[in-house]
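Here the protein sequences come in this chain order: A and B. For the first sequence, the numbering used here begins at 1 and goes up steadily by one. For the second sequence, the numbering used here begins at 394 and goes up steadily by one. Notes follow once the structure below has been shown.
2 protein chains.
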Amino acid sequence: MLKLLYICRNFLTDYKMNRTFSLAVALMVFAFAVNAQGHDKRSPIIADDGTVTFKVAAARADSVRLIVDTRVDTLMSRNDGGKWCVTLRDLKPDFYMYHFIVDGMKVLDNDNAHVVRDVKNVMNSFALDPKEDCPMAVHDVPHGKVEAVWYDSPSLGATRRMMVYLPPDYVKGGKRYPVLYLLHGSGGDETVWLEQGRAAQVLDNLIADGVAEPMIVVMPNGNVDEKAVPGMGPDCNVQPTFSHKNWMDGTFEQSFNDIVKWTDKHYRTLADKHHRSIAGLSMGGYHSLYISANQPDDFDYVGLFSAAINRMDEGKSKIYDDLEAKLVKQFERHPKLYWIGIGKDDFLYEHNAKFRALMDKNNLPYTYHESGAGHEWANWRDYLVIFLPMLFK
Amino acid sequence: MLKLLYICRNFLTDYKMNRTFSLAVALMVFAFAVNAQGHDKRSPIIADDGTVTFKVAAARADSVRLIVDTRVDTLMSRNDGGKWCVTLRDLKPDFYMYHFIVDGMKVLDNDNAHVVRDVKNVMNSFALDPKEDCPMAVHDVPHGKVEAVWYDSPSLGATRRMMVYLPPDYVKGGKRYPVLYLLHGSGGDETVWLEQGRAAQVLDNLIADGVAEPMIVVMPNGNVDEKAVPGMGPDCNVQPTFSHKNWMDGTFEQSFNDIVKWTDKHYRTLADKHHRSIAGLSMGGYHSLYISANQPDDFDYVGLFSAAINRMDEGKSKIYDDLEAKLVKQFERHPKLYWIGIGKDDFLYEHNAKFRALMDKNNLPYTYHESGAGHEWANWRDYLVIFLPMLFK
């Protein structure tokens, strides 16, 4: 019964259907599904020993490769059944993205419905989590609420979408909460910290463990040319891109107070410097650096995750002028935490080293975290887990 | 500059990278992106005359086909550039899903980052919307808020995820709102009415036009074996499936009051029969039928969208027993609307006809809408647009 059901679905998915055939198959699926209990053919196959096996049916191909993030690129072997296979060992518990290259053409795993997007690149995903305490997985703890809201930005003359995490206790009413503004990179949008970053799961787990303070987390869209993630904005077909007209030119930083004001108006926030944090990855780190430097009275906790500090754009916007003097002024207000994280292999490593030298020269105190690997989500998820417990203490 | 940038990205996406090469390319992309303004290479290409052109690079393939929903299955032609192309004409304004079949293997459009999932089947999507008044597109109107929340279900012994739409005025406070419980089909989950159904956009637009009453819309997960959409639940790798252990066996219907109670506790609802509606597609229509029949004092507006009425499961659960008597009792309370919609080509058409005959036999009044096409989202989006204006009037 199960086997037949599976065959039906392959037909539904992959092969030509005329209307009559389609209806017949749909009816069969419908009827059979009643008795097909717990059918869940997974791909990739994660064994108890932590090995991960990938398979792809490409009967006519001459070569098939598996790409996993920037970490693995390996040839696959054709097995007896005509499928191409490979087994990976020693992957560490984490969330992974992968795809196949079949005779030079990118192909997804048709047996895995889990996909994530990185800028324009759609890939399959899987989680490797043998440890029960992985902070990125969903555990049996109280869950916060995640909202998609539209805020007014008078500076940009636009209504824009952003995501807001509210801690589990928020719905009980009464209490006010500190706020973390969590910013994405150049190719991201308001949803990426929730999807690739697993921010809601990390927050739920760290709050439940008493390691992080209950907080509101606001995730706006840092590309001012976009009103929303592609598909949720006025142009249904727009493609995600690195390149935006008003890209890192000070526009987002200058409009940022619209987000803070809207948040303080619509949520039960603690609306002062001691209860505000701003942090971001790559472009979001650059945004966090300049927003906090230009608004020295607003943020007591700053996080630069692999920040794009290679762009020192004096003259492009007043936001970027006189950074050194602004930093000195910011630190006269004694921010409680200025956190810098970067991977050893990140192409922005040297730029971050130069920035730290500038900080050192002025005796400006910061916390530095150097990890392995480069400019990638594996680091940013880890940085969030390290950063959150230091906030609002 | 733009061309080079594009080449870089192809390398990033599709070809083997060692760490050094990866860093060099990332740096190039980063540097070039600054000046690459408005780069947005779309696929498919939608011309002003409404034609839609699809292209796929599969240099070594012998045959390539394009599949669009259940509506189009066509061979593509190899063009001079080595790509396979086809142009479609006369598609009506709507949202479409598509994929390619390259030598028998399902392949997505690597130039289109828009993907949607239908059960386990991941496909590309595009919107064809030459009319400015398309109710499924994002227009310049006030937007409601969409929340992902976790509710307690004592009946199921679980905390489960559901989506809630709150109308634009909700955040202003004070006012109470009617509630529509909007249910998905057998292969869906709590997110599918928002993704494939475009429910938030439809609600925003119809409320802005004064055509629909401002309302709260609650979208739970109707598969009781799932706590959340795959990827957002405790098992990160679980695959979406039609087949569930507790599938259409009365368990969901019996636990439904947990959802209503949680909603009335956590939102400013109008908590009575006159301000409650329940509607759903396929399995969700079956759920709506039995929940409203078993709770005749709770819902004044019922919507059956292509309902799975082929399953008359007397004896399987007390929920399904004595339907005719229950319906008679339900209609003694004079529900304000009992709406039945079905497509002429739906494999459930005859079952819906039989159900209408049962209604007719007992002189139970209902509103009937018969559309073209079959068991598909093109119909369900339309049904929602027709159904919403009839509620809470």
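Just so it is clear, CB atoms sit at the ideal spot from N, CA and C, and this is done for glycine as well. Source: prediction; values computed, not measured.
Buried versus exposed call for residue i [16 or more other C-beta atoms within 10 Å across all chains shown]
| i | result |
| --- | --- |
| B/Lys620 | buried |
| A/Pro234 | exposed |
| A/Pro395 | It is not possible to answer for residue 395 of chain A, since the shown part of chain A is limited to 1 through 393. |
| B/Gly474 | exposed |
| A/Ala59 | exposed |
| A/His287 | buried |
| B/Asn687 | buried |
| A/Leu75 | exposed |
| B/Asn616 | buried |
| A/His375 | buried |
| A/Thr263 | buried |
| A/Asn79 | exposed |
| B/Glu540 | buried |
| B/Asn630 | buried |
| B/Arg510 | buried |
| B/Lys513 | buried |
| B/Glu588 | buried |
| B/Pro758 | exposed |
Short CB-CB distance (under 8 Å) between residue i and chain A
| i | result |
| --- | --- |
| B/Gly626 | yes |
| B/Lys513 | yes |
| B/His536 | yes |
| B/Pro633 | yes |
| B/Lys434 | yes |
| B/Glu619 | no |
| B/Ile577 | Reading off the sequence, residue 577 of chain B comes out as His, not Ile. No, its Cβ sits nowhere closer than 8 Å to a Cβ of chain A. |
| B/Asn503 | yes |
| B/Val542 | yes |
| B/Phe780 | no |
Residue i versus residue j: straight-line alpha-carbon distance, rounded
| i | j | result |
| --- | --- | --- |
| A/Ile342 | A/Thr367 | 12 Å |
| A/Asp209 | A/Ser371 | 24 Å |
| B/Lys709 | B/Phe724 | 24 Å |
| B/Ile779 | A/Lys265 | 36 Å |
| B/Ala530 | B/Lys568 | 27 Å |
| A/Ala271 | B/Ala771 | 46 Å |
| B/Tyr713 | A/Arg161 | 43 Å |
| B/Leu720 | B/Lys565 | 39 Å |
| A/Leu289 | A/Val192 | 20 Å |
| A/Asp360 | A/Lys354 | 10 Å |
| A/Arg65 | B/Asp597 | 45 Å |
| B/Ile652 | B/His668 | 15 Å |
| B/Lys638 | B/Val508 | 28 Å |
| A/Lys318 | A/Lys261 | 22 Å |
| A/Val211 | A/Lys393 | 10 Å |
| B/Trp773 | B/Leu674 | 7 Å |
| A/Ile46 | A/Val68 | 15 Å |
| B/Ala700 | B/Glu707 | 17 Å |
| B/Asp582 | B/Trp640 | 13 Å |
| A/Lys344 | A/Thr70 | 15 Å |
| B/Arg726 | B/Leu741 | 28 Å |
Cutoff 8 Å: residue i Cβ touching any chain B Cβ
| i | result |
| --- | --- |
| A/Ala113 | yes |
| A/Pro230 | yes |
| A/Ile46 | yes |
| A/Ala137 | yes |
| A/Leu384 | no |
| A/Asp129 | yes |
| A/Ala57 | yes |
| A/Phe252 | no |
| A/Phe54 | no |
| A/Arg333 | no |
| A/Ser22 | Confidence is the limiting factor: at A/Ser22 the pLDDT is only 41, short of 50, which leaves the residue's position unreliable, though a coordinate-based value still follows. At least one chain B Cβ lies under 8 Å of A/Ser22. |
### Query
Using a Cβ cut-off of 9 Å, which residues of the segment 544 to 555 of chain B contact any Cβ in chain A, in chain order?
Thr552 and Arg554
### Task
May I ask you to verify whether the segment 603 to 618 of chain B touches the segment 571 to 591 of chain B, counting CB pairs closer than 8 Å and requiring at least 3?
yes
### Message
With three or more C-beta pairs closer than 8 Å as the rule, is the segment 505 to 523 of chain B touching the segment 557 to 569 of chain B?
### Response
Contact between the segment 557 to 569 of chain B and the segment 505 to 523 of chain B is absent, because fewer than three Cβ pairs lie under 8 Å.
### Query
Name the residues in the segment 667 to 699 of chain B whose C-beta lies less than 8 Å from a C-beta of chain A; which are they?
none
### Task
Note down, in chain order, all residues in the segment 467 to 501 of chain B with a beta-carbon under 9 Å from any beta-carbon belonging to chain A.
Phe488, His492, Ile494, Val495, Asp496, Gly497, Met498, Lys499, Val500 and Leu501
### Task
Spell out a yes or no on whether the segment 491 to 506 of chain B and the segment 97 to 110 of chain A are touching, meaning 3 or more CB-CB pairs, one atom from each, closer than 8 Å.
Touching, per the Cβ criterion.
### Query
Looking at chain A, which residues of the segment 733 to 766 of chain B have a Cβ within less than 7 Å of any of its Cβ atoms?
Asp738 and Phe740
### Query
Okay, do the segment 438 to 452 of chain B and the segment 476 to 488 of chain B touch, 3+ Cβ pairs below 8 Å being the bar?
Touching, yes, given that three or more Cβ pairs across the two stretches are closer than 8 Å.
#### Entry: Inter-stretch contact at 8 Å, needing at least 3 Cβ pairs: the segment 642 to 654 of chain B / the segment 538 to 552 of chain B
yes
### Task
Quick one: which residues of the segment 647 to 666 of chain B get their C-beta closer than 7 Å to a C-beta of chain A? List them in chain order.
His659
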